[in-house]
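Input: a single structure, listed below in structure tokens.
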Amino acid sequence: MDARVDRLALPVGVIATLATLLVVFYYPVGSVLVGAVRVGGQLSLEPLGAVLGDPFYADRFGFTAYQALLSTVASVLVGLPGAYLLARFEFPGRRFLRSVTILPFVLPSIMVAVGFLAMFGRTGLFNDLLAVVGLGPVELTFTLEIIVLAHAFYNAPLVTRLVTAAWESVDARRVETARTLGASPLVAFRDVVVPQLLPALLTAAVLTFLFTFMSFPIVLALGGLEFATVEVWLFARVQNLALTEAATLGAIETALSLGLIYVYLRFEAMQLGAGGGSRSIDREPLLAGWRSLVDPRRLALLSYGGVVLVLFVGPLASLVVESVTTPEGQFTTDYYAFLLAQQASAATGTVQPVPAITNSLLFAAGALVLALPMGVVVSVVAARETRGSRIAEALLTAPLAVSGIVLGLGMLRTLVFGTELFGHRLTVTGPVAIVAAHAVAGYPFVTRTVTPALSAIDDRLVDAARSLGASRTTALLDVELPLIAAALVAGAAFAVAISIGEFDTTVLLAEGVDSATMPVALERYTGNRSLGPNLGPATAMGTVLLAVTTVSFVVIDRVGGRWER
Amino acid sequence: MRRRNFLTRTGAGLAGLTALSGCTGDGGDGTESASTESATDTEATESATEAGTTTGSVEELSGTLSVATYSSFVGDGAAGNWLKSEFESEHPEVTVEFETPENGLNQYIQRKSEGAPIDADLFVGLNTGELVRADEQLDETLFATASDRIDGADTVRSELQFDPDGRVVPYDTGYISLVYDEGEVDAPGTFDALLEPAYEDALIAQNAQQSDPGRAFLLWTIYNKDPDGYLDYWVGLVDNGVTILSDWEQAYNAYSDEEAPMVVSYSTDQVFYHGEGVDMSRHQVGFLNDQGYANPEGMAQFVDSDDAELAQAFASFALTAPAQREIATRNVQFPAVEGVDPGGDFGEYALEPPEPVTFTYDELSGNVSGWIDEWARQIASN
Numbered sequence: 001m002d003a004r005v006d007r008l009a010l011p012v013g014v015i016a017t018l019a020t021l022l023v024v025f026y027y028p029v030g031s032v033l034v035g036a037v038r039v040g041g042q043l044s045l046e047p048l049g050a051v052l053g054d055p056f057y058a059d060r061f062g063f064t065a066y067q068a069l070l071s072t073v074a075s076v077l078v079g080l081p082g083a084y085l086l087a088r089f090e091f092p093g094r095r096f097l098r099s100v101t102i103l104p105f106v107l108p109s110i111m112v113a114v115g116f117l118a119m120f121g122r123t124g125l126f127n128d129l130l131a132v133v134g135l136g137p138v139e140l141t142f143t144l145e146i147i148v149l150a151h152a153f154y155n156a157p158l159v160t161r162l163v164t165a166a167w168e169s170v171d172a173r174r175v176e177t178a179r180t181l182g183a184s185p186l187v188a189f190r191d192v193v194v195p196q197l198l199p200a201l202l203t204a205a206v207l208t209f210l211f212t213f214m215s216f217p218i219v220l221a222l223g224g225l226e227f228a229t230v231e232v233w234l235f236a237r238v239q240n241l242a243l244t245e246a247a248t249l250g251a252i253e254t255a256l257s258l259g260l261i262y263v264y265l266r267f268e269a270m271q272l273g274a275g276g277g278s279r280s281i282d283r284e285p286l287l288a289g290w291r292s293l294v295d296p297r298r299l300a301l302l303s304y305g306g307v308v309l310v311l312f313v314g315p316l317a318s319l320v321v322e323s324v325t326t327p328e329g330q331f332t333t334d335y336y337a338f339l340l341a342q343q344a345s346a347a348t349g350t351v352q353p354v355p356a357i358t359n360s361l362l363f364a365a366g367a368l369v370l371a372l373p374m375g376v377v378v379s380v381v382a383a384r385e386t387r388g389s390r391i392a393e394a395l396l397t398a399p400l401a402v403s404g405i406v407l408g409l410g411m412l413r414t415l416v417f418g419t420e421l422f423g424h425r426l427t428v429t430g431p432v433a434i435v436a437a438h439a440v441a442g443y444p445f446v447t448r449t450v451t452p453a454l455s456a457i458d459d460r461l462v463d464a465a466r467s468l469g470a471s472r473t474t475a476l477l478d479v480e481l482p483l484i485a486a487a488l489v490a491g492a493a494f495a496v497a498i499s500i501g502e503f504d505t506t507v508l509l510a511e512g513v514d515s516a517t518m519p520v521a522l523e524r525y526t527g528n529r530s531l532g533p534n535l536g537p538a539t540a541m542g543t544v545l546l547a548v549t550t551v552s553f554v555v556i557d558r559v560g561g562r563w564e565r
Numbered sequence: 566m567r568r569r570n571f572l573t574r575t576g577a578g579l580a581g582l583t584a585l586s587g588c589t590g591d592g593g594d595g596t597e598s599a600s601t602e603s604a605t606d607t608e609a610t611e612s613a614t615e616a617g618t619t620t621g622s623v624e625e626l627s628g629t630l631s632v633a634t635y636s637s638f639v640g641d642g643a644a645g646n647w648l649k650s651e652f653e654s655e656h657p658e659v660t661v662e663f664e665t666p667e668n669g670l671n672q673y674i675q676r677k678s679e680g681a682p683i684d685a686d687l688f689v690g691l692n693t694g695e696l697v698r699a700d701e702q703l704d705e706t707l708f709a710t711a712s713d714r715i716d717g718a719d720t721v722r723s724e725l726q727f728d729p730d731g732r733v734v735p736y737d738t739g740y741i742s743l744v745y746d747e748g749e750v751d752a753p754g755t756f757d758a759l760l761e762p763a764y765e766d767a768l769i770a771q772n773a774q775q776s777d778p779g780r781a782f783l784l785w786t787i788y789n790k791d792p793d794g795y796l797d798y799w800v801g802l803v804d805n806g807v808t809i810l811s812d813w814e815q816a817y818n819a820y821s822d823e824e825a826p827m828v829v830s831y832s833t834d835q836v837f838y839h840g841e842g843v844d845m846s847r848h849q850v851g852f853l854n855d856q857g858y859a860n861p862e863g864m865a866q867f868v869d870s871d872d873a874e875l876a877q878a879f880a881s882f883a884l885t886a887p888a889q890r891e892i893a894t895r896n897v898q899f900p901a902v903e904g905v906d907p908g909g910d911f912g913e914y915a916l917e918p919p920e921p922v923t924f925t926y927d928e929l930s931g932n933v934s935g936w937i938d939e940w941a942r943q944i945a946s947n
């Protein structure tokens, strides 16, 4: 490869990444957050003082952190056994199951809320099941418990996915070496496997905490006002155009989140050691004849399967059932006929399902193409052990730390309203802006999955390649990329999932209904009363979304799997 | 551009003369079009001929009208689309476009306060509280005082008029009421009854910070319990297990799922639900203290509109009897114009409260956001 390309590739990548971030992230967010320290053009600590000194807000932050902690614990508890199952056992449908673990990530919260109410509601399927075995009923709706469960629904798959990827890359030879040196299976697991899983587990836990700390639609949909988190309150402040207070809440949230990310990155950097080319541990068959019934591990996994059925399959299946059931409980195909009618309609303002599906897939593909290099560039920067690289990485991971509502408000004021530049008002909207925004939301996931894998690569491998005459870029493409392929595929799936599920910035940056995506269509159909006030049309669209994304993720994993070892 | 302006103005003048659309044509218009006519005499002849030959009638309006509204007002079969197609067929030179920003009126309040351009000419679908918010946020007005130039504005029922400055003209109204399952509970009848054990865990309401019916229900309680007493009343409601969800869709869905036997909704509920095989016992409308809280929706011309006349003509059109009937039926809200009867299913199943109540603009001004904040803090701290 040309030496000049080699020398320029990384700087150009960094600059392109920063430029994209500047336009669709830092500038919009900064324009809002500056409101927390500026009153009437003057620097002022008054807004911060007002919020920090208000016992009501102290309570809100306390409750928000508390529910995030509970949600994180629940997500880890539900997610870990899944990783164990997927990484250590072979069974029919394993690959499919691994592909669809990402599904909850793309579901619009309104659909999750509908599914959860149908599953865990007073007259829901769960209570029907309990009644069959003579238990219940339980009252879960609009409690803290159901919020935590819904958070686990969204985030346990994250734990499963990240830990599974780490588990699969544990070098079997090191476990075998430990065993030959006399370690019991348990000791070998503790000393060899656990240290390699811990970074992935912590990544997942920290991400879960961040997401649930800034959780908004789920709390809004399932909780009721008495469980309002800071983010819910921030939303209400924005609605009331109390923007200084909103900016202050957003700034405090961001500071706390960035601080957490920074501490975590420091920790992660200490944990990572050299890994390198390895052979995965062989999987055991899950079903081992009659012995399965007496093996405690397999029995535990069986009951775990029950939990998965109730918590994941239950709400999703309920959603599908709702899409073919009238409010009176009769079977109906009206809601799908509604989708067809929308498709056939030429009326102004009608969101058609097929273009919504196409847009979703196109935007996701675009976001993927942008997010993968962005994420890898940031990972390469992060993997360098230079002064300040942790701070740089924290700032480059900031999209995870900023409230979606603050970002939306910032985009509205800077990109949609336009910014005066050289006497012209520039606006940044439409499909390209949407793709860029989705990529910015998705690349931190690529980084989070790729960085540990990249850092674990034995530097000697790269050095060897370079001493044999490979350029830096060639070494990256031929040596490093194949070694991090599994992590890249995982990151790609996240980037696509984030893009497909994204609603707020999409609807903000869209110019009219032509750029509508599946979640936007779904939201529009919730407000459509042509079949009476019910969510039937939305659940039908939700089912379509579920089907389209299931297929997409299976394809991503299959295509990506070719590059994996 | 000049020609378009000219056509519009001449059109208004001619319409005034021939009274084609019932336009009375006020002094302002007359003077304007007269001066334009003398300035562009030749063009006048040209366009008059052109108009005469193309349609055989007097061309009055042309151009593109941009209407800002909420998203469910447009789409297949919605009131907005009916207005668009009828208005366009009456005025073949006019194109009506819709803008439906996610954050509704706030989008325009923020644009105005930050000096960003506003392309829309007319806003359709704002209520008293939103107008108060717009006025409190902005130093300059967002909307033009144009109701005296909108035909039919004086036929709107006086109790629905909510803008003392004559900017907003109501086009329909809903009445907030309870919807309940009479198989589960009796009609509560009064606000006080909602505090009784019979209604424990029985009511689902919406968050007044972001939901129209939620805000209207809160205001209704303030109307009855006074600004000094409503928080205590709500503490009582919370103690009795009221659930406050974020918006109407979620609340109604929870009600449909039988999470609770009562929900805050609209008195037009049965319009949706009558018919064969529908259990009407689940769709009973309950008025508290024999009242319903009126939540009129209005339209107003943006002060920055570059086609004010077109905006006013569209607003006038929305107040004609046929348009009022269509808006009522398609939006499932009551007409605003005196004496219009939508008939059909709407006439049969929409229930009007014995005593409609509502707060005026002046009563809400300076108060409403404080009332809502206090309320939300009270509920969240519980």
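Each protein sequence line maps, in turn, to chains E and V.
Going by our numbering, the first residue of the first sequence is number 1, and it counts up by one from there.
Going by our numbering, the first residue of the second sequence is number 566, and it counts up by one from there.
Think of the CB as a built atom: it goes at the ideal place given N, C-alpha and C, for glycine as much as any other residue.
Cβ-based burial, residue i [other Cβ within 10 Å; buried from 16]
| i | result |
| --- | --- |
| Met864 of chain V | buried |
| Tyr66 of chain E | exposed |
| Gln42 of chain E | exposed |
| Asp504 of chain E | buried |
| Ser75 of chain E | buried |
| Glu253 of chain E | buried |
| Gly115 of chain E | buried |
Assumed close pair residue i, residue j - CB separation to whole angstroms, cut-off 8 angstroms
| i | j | result |
| --- | --- | --- |
| Val632 of chain V | Val661 of chain V | 6 angstroms |
| Leu454 of chain E | Ala383 of chain E | 5 angstroms |
| Ala497 of chain E | Asn359 of chain E | Going by Cβ atoms, the distance from Ala497 of chain E to Asn359 of chain E rounds to 16 angstroms, so no, they are not a contact pair. |
| Asp822 of chain V | Leu117 of chain E | 5 angstroms |
Simplified DSSP assignment, three categories, for residue i
| i | result |
| --- | --- |
| Thr325 of chain E | strand |
| Arg569 of chain V | Any reading at Arg569 of chain V must be qualified, since the residue scores a pLDDT of 37, below 50, and its modelled position is unreliable; no value is offered. |
| Gln774 of chain V | coil |
| Arg38 of chain E | strand |
| Asp704 of chain V | coil |
| Val29 of chain E | helix |
| Ser650 of chain V | helix |
| Thr506 of chain E | helix |
| Pro900 of chain V | strand |
| Tyr831 of chain V | strand |
| Met874 of chain V | Correcting the residue identity first, residue 874 of chain V is Glu in this sequence and not Met. Glu874 of chain V falls in the helix class under three-state DSSP. |
| His424 of chain E | strand |
| Val689 of chain V | strand |
| Phe213 of chain E | helix |
| Phe852 of chain V | coil |
For residue i, the first and last residue of its enclosing beta strand (DSSP E)
| i | result |
| --- | --- |
| Pro108 of chain E | Taken as a continuous stretch (DSSP letters only), Pro108 of chain E belongs to no beta strand (DSSP E), as it is neither H nor E. |
| Gly863 of chain V | 856 to 866 |
N-terminal and C-terminal residue of the alpha helix (DSSP H) that residue i is part of
| i | result |
| --- | --- |
| Glu765 of chain V | Per DSSP, Glu765 of chain V belongs to no alpha helix (DSSP H) and is neither H nor E. |
| Thr164 of chain E | 144 to 168 |
| Tyr736 of chain V | Tyr736 of chain V -> not in any alpha helix (DSSP H); beta strand (DSSP E) instead, spanning 734 to 745. |
| Leu362 of chain E | 353 to 383 |
Chain C within 8 angstroms of residue i, Cβ atoms only
| i | result |
| --- | --- |
| Pro108 of chain E | Within the model displayed, chain C is absent; protein chains E and V are what it includes. |
Worksheet item: Which of the residues in the region 211 to 228 of chain E, read from start to end, lie with their CB under 7 angstroms from any CB of chain V?
Response: Leu220, Ala221, Gly224, Leu225, Glu226, Ala228
Worksheet item: Going along the region 648 to 674 of chain V in order, which residues come within less than 9 angstroms of chain E, judged by CB to CB distance?
Response: Lys649, Ser650, Val661, Glu662, Phe663, Glu664, Thr665, Pro666, Glu667, Asn668, Asn671, Gln672, Ile674
Worksheet item: Between the region 513 to 536 of chain E and chain V, which residues of the former have a C-beta closer than 8 angstroms to a C-beta of the latter?
Response: Arg524, Thr526, Gly527, Asn528, Arg529, Ser530, Gly532, Pro533, Asn534, Leu535
Worksheet entry | Contacting positions in the region 417 to 434 of chain E - beta carbon closer than 8 angstroms to chain V | Phe417, Gly418, Arg425
Item to complete: Could you list the residues in the region 237 to 259 of chain E with a C-beta less than 7 angstroms from some C-beta on chain V, going in chain order?
Response: Gln239, Asn240, Leu241
Discussion item. At a CB distance below 7 angstroms, what residues from the region 888 to 900 of chain V approach chain E? Give them in sequence order.
Written reply: Val897
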